[in-house]
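So the structure is just underneath, and the comments pick up after that.
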């Protein structure tokens, strides 16, 4: 994304194209880190607890990154884990970490797309998807895939950035594009509607704004680190330092006034 | 009659000492008005209460950052009367020594109104002053090596160690042993005036064998200097810093912070440290009300959380209170630390600063209660060493840990920007900020003391937790042993104790027999 686009906003089609294109996802990785999600393992435990994950249950982690959550679920909850990630190197790192932890027999990691999970129907007790749904271009398909692999009675736990676009302050016209590209975030109601539309029953919606607040500080820190160490390369990837800083502080304001948030959502697939 | 609720949350029952007679007594820790207080009662001297943490929420949250201790190779005493009477270290102590302190003398070329060691020019001629010999220093170092194997750091202190005639030879003794680094704790007078001496220190500061200067630096205002040091030292501090920079010595600025004297200068000290090429870290220590100090109120004394909040208020453009994490090797409320990656100096248009805790989720690694598994054990180990009392900027161990953290930030695969490579200069551009509150006769809590990892190495071959040494009477005991003269127990100069107190010839207070 160029500075001009950031400044003037994009229409939805452009945003999708932008997010799907390689260079902008490089930028996203650069800013968010490869295995980071708001709230860290503290919020992961909260999500697994809210779903009532039991020993021996089978869990899928969609967009599992380097396997941090999968390993935690296997080691602390005795879950049997399948992780799926679009990045082959993340999958390799996750496999290596599981082997190193001696739990390679209870964890499998697959190279694959959230919109076409390489897993059979109706087998899993639990699916988690942390801070990833917002980045999937085709959210209905991703939710349909989650619903497909769950067994009747299975649970899905999602944590993600939420945005009430109508509440975003007027001076942040560029922010729509910014959020769309870094995270195509929706209001909590829209996530709930997506889940409901695929036959999933929403049981819990919890706000964790503090986690997002901290994430913005972390993004700001990464931006500053890039400016200090790799300014030219980052600019080539489309990062306009002069523009990012005011956007980040406007983002902090938006979190404060409730326009942006971070939600933890648990839903269930009905038994029949 | 209706029952009434108490106005405080009872957090723990522990042991402490009577600040007057130093007898071991029970103590309770309570949260009240969002602050934490320690209260105790001596059968003879009555009730005492002191503020031990200014932020109750942070106090409770910090308890998660409590690393299981490590046994030292050797202990020096037996358990007889129980903590804090058997120092030390006794077999019941919960932690090994991260840092060993050797006080080489009791004499000083300053007579500061505030000195936990109660040192000064009088001690040079006074009956109970002493200096250790080179042989004693060697024995003390051997004690430390026997207990630790390969100790990380020795700190020379006093008195004023730079006026000991053998101080350079003592540094050589350290460097002949498997001890990684030397810290020289000084007021800077000699560093400012004696360039030959500074050059000798610089010559000993070499790759793999760092010598770091731990420089008293309480603030930049004249009034601060007069109140804490009794003398305007501003030019001397600047010359000392410049002389160190000239020979490549790294310096830690150490600020004693006293309520209503220099708490407003905390941000200025950070700014000054970031701007001077020799300064690589800053340590803030709320004044320890052991030894000699100005009259104070234990109920309103400064604590770590007050300093942390002051940092957030005074340099909000750089830091928030959440950028600091408790140090897990000692009791977690004793010390908080953060690291900054920096570029240039404040004021440059190009100046950059990033607190490392904003680049990775520190509590995912150092919360020992929640985390049964951590994302990466090598990163945990690196963070443990960085968040430790033995961490000093410029040591090889510290550099290796920082590089490991840089690797954790890698996103070369995902985005084509190799951060570790970009951060190859990370070790040269890292700045450390430490906030450390020492226990005094009012605040002493045996639960914290039992996990202390900063020890005084005594000439008779003991390792005594620093806060026990200053509070319980060990300092007076060692002084009496070394001088052959009986030494009275020093008592805190608290407003509540004023009717009991008389001045010692050194300016500290005692209770007449």
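Chains as they are written, first to last, in our numbering: chain X, 2 to 273; chain R, 764 to 1276. Ideal Cβ placement from N, Cα and C applies to all residues, glycine included.
- In this structure, 970(R) is the residue among 970(R), 1263(R) and 1030(R) with its C-alpha nearest to the C-alpha of residue 1011(R).
- In this structure, the CA atom of residue 255(X) is about 47 Å from the CA atom of residue 1230(R).
- Taking the Cα positions, residue 1226(R) is about 24 Å away from residue 783(R).
- Between the region 1057-1064 of chain R and the region 1245-1253 of chain R, the count of C-beta pairs closer than 8 Å stays below three; the two stretches do not touch.
- Here residue 805(R) carries a strand assignment [DSSP, helix/strand/coil].
- Sixteen is the threshold: when 16 or more other Cβ atoms of the shown chains lie within 10 Å of the Cβ of residue 1211(R), as they do, the residue is buried.
- Between the alpha carbons of residue 1169(R) and residue 1119(R) lies a gap of roughly 9 Å.
- Remark: C-beta atoms of residue 853(R) and residue 837(R) do not approach each other more closely than 9 Å.
- DSSP places residue 1035(R) in the uninterrupted alpha helix (DSSP H) bounded by 1029-1038.
- Residue 69(X) reaches chain R at 1138, counting residues in chain order whose Cβ is nearer than 8 Å.
- For residue 110(X), the three-state secondary structure derived from DSSP is strand.
- For residue 204(X), the enclosing beta strand (DSSP E) covers residues 202-208.
- For residue 790(R), the uninterrupted beta strand (DSSP E) segment begins and ends at 787-795.
- Ranking 829(R), 921(R), 1274(R) and 1044(R) by CA distance to the CA of residue 1096(R) puts 829(R) first.
- The count of Cβ pairs closer than 8 Å, one atom from the region 1004-1022 of chain R and one from the region 972-982 of chain R, reaches three, so the stretches are in contact.
- Judged by beta-carbon spacing, residue 1102(R) lies beyond the 9 Å limit of residue 1071(R), meaning their Cβ atoms are not closer than that value.
- Counting only residues of its own chain and dropping the five nearest sequence neighbours on each side, residue 872(R) has a CB closer than 6 Å to the CB of 923, 926 and 952.
- DSSP lists no bridge partner for residue 1151(R).
- For a Cβ distance threshold of 9 Å, nothing in chain R lies close to residue 54(X): the least Cβ distance comes to about 14 Å.
- Within the DSSP secondary-structure output, residue 866(R) pairs in a beta bridge with 920(R).
- Cβ-Cβ distances below 8 Å link residue 907(R) to 860, 863, 914, 917, 942, 1220 and 1226 in the same chain, with the five nearest sequence neighbours on each side left out; the list follows chain order.
- Within the same chain, and ignoring the five residues on either side of residue 76(X) in sequence, the residues whose Cβ sits closer than 7 Å to its Cβ are 102 and 104.
- Interface with chain R (9 Å Cβ-Cβ cutoff): residue 131(X) is excluded.
- Contact annotation: residue 867(R) and residue 1047(R) have beta-carbon atoms that are not nearer than 9 Å.
- Runs of the alpha helix (DSSP H) lying entirely within the region 207-265 of chain X and spanning at least 4 residues, in chain order: 210-230, 232-237 and 242-257.
- Across the region 1091-1118 of chain R, CB contacts with chain X closer than 8 Å involve 1104, 1106, 1115, 1116, 1117 and 1118, in sequence order along the chain.
- Taking residue 1037(R) as reference, the option from 841(R), 879(R), 1194(R) and 767(R) with the minimal CA-CA separation is 1194(R).
- Three or more Cβ pairs closer than 8 Å define a contact, and the region 226-238 of chain X falls short of that threshold against the region 115-132 of chain X.
- In the three-state reduction of the DSSP assignment, residue 975(R) falls in the strand class.
- Residues of the region 215-243 of chain X that bring their beta carbon within less than 8 Å of a beta carbon in chain R comprise 215, 218, 219, 221, 222, 223, 225, 226, 227, 228, 229, 230, 231, 234, 235 and 238, in sequence order.
- Per DSSP, residue 1118(R) lies in no alpha helix (DSSP H) segment; the continuous beta strand (DSSP E) that holds it begins and ends at 1115-1118.
- Only exposed fits residue 985(R), as fewer than 16 other CB atoms lie within 10 angstroms of its CB.
- At a Cβ-Cβ threshold of 9 Å, residue 72(X) and residue 85(X) do not count as neighbours.
- If you draw a straight line from the Cα of residue 957(R) to the Cα of residue 1123(R), it is about 44 Å long.
- Distance between residue 1026(R) and residue 158(X), taken at the CA atoms: about 47 Å.
- Cβ proximity to chain R below 8 Å picks out 41, 42, 43 and 46 from the region 39-54 of chain X.
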